[in-house]
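Residue numbers (our numbering): 1 to 194.
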């Protein structure tokens, strides 16, 4: 099923810094296309064309590397764009998602919110994309038991924002990449034939 944005935000672990450094970024043409669970909701992934996007919005000017994908998520008549980046750590693929060009109508609320990265381990094939997002409850357990010391701040409702810089994040991800309890239930997105 297509991942619900609200459920995704609540269950995943946000990070102030990206999971990637510029030299880590990869391209994979199997990522490009439309992934669906039904006729209404979809994920559309395309390699970013900065010249095209900059005609409509200045926010994409930060993504001139040639390694950015534009992810458009449509869910229940709502559409949101994300800058998506692919990297490989210790043999596993990961996707880093960052919201782009979003509008929050309430000015006071808009000034209080800080956009964050979320990331998932990814299995990429010709016909589908399987995403393994890290579990907020798993992280909560590690913090409560004093098992980890990754830089973070606690948020309301027993959630955390990782404030670790990219190098520390990558070490953390590699350490727990093989721990099946670290992830929420995997989501499989089926690629629409061209």
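We put the CB at the ideal spot given by N, CA and C, even for glycine.
Distance check for residue j and residue i, CA to CA, integer angstroms please.
i	j	result
residue 183	residue 73	21 angstroms
residue 64	residue 12	27 angstroms
residue 35	residue 46	11 angstroms
residue 164	residue 51	32 angstroms
residue 149	residue 171	12 angstroms
residue 154	residue 186	25 angstroms
residue 180	residue 138	10 angstroms
residue 204	residue 173	What is shown of the chain runs 1 to 194, which leaves residue 204 out entirely.
residue 49	residue 146	45 angstroms
By Cβ distance, which residues of its chain are closer than 8 angstroms to residue i, with the 5 residues on each side in sequence left out?
i	result
residue 127	190 and 191
residue 166	17, 18, 19, 20 and 21
residue 142	148
Strictly by DSSP, which residues pair up with residue i?
i	result
residue 41	Paired residues: none, contrary to the question.
residue 83	70 and 98
residue 191	35
residue 133	120
residue 183	134
Kindly give me the distance between the Cβ atoms of residue i and residue j, rounded to whole angstroms, as I take these residues to be in contact under 8 angstroms.
i	j	result
residue 133	residue 120	4 angstroms
residue 89	residue 81	That belief does not hold up - the Cβ atoms of residue 89 and residue 81 are roughly 25 angstroms apart, past 8 angstroms.
Considering Cα atoms alone, identify which of the options is closest to residue i.
i	options	result
residue 21	43, 142 and 86	86
residue 58	88, 146 and 100	100
residue 28	93, 40 and 42	93
residue 178	102, 25, 41 and 91	91
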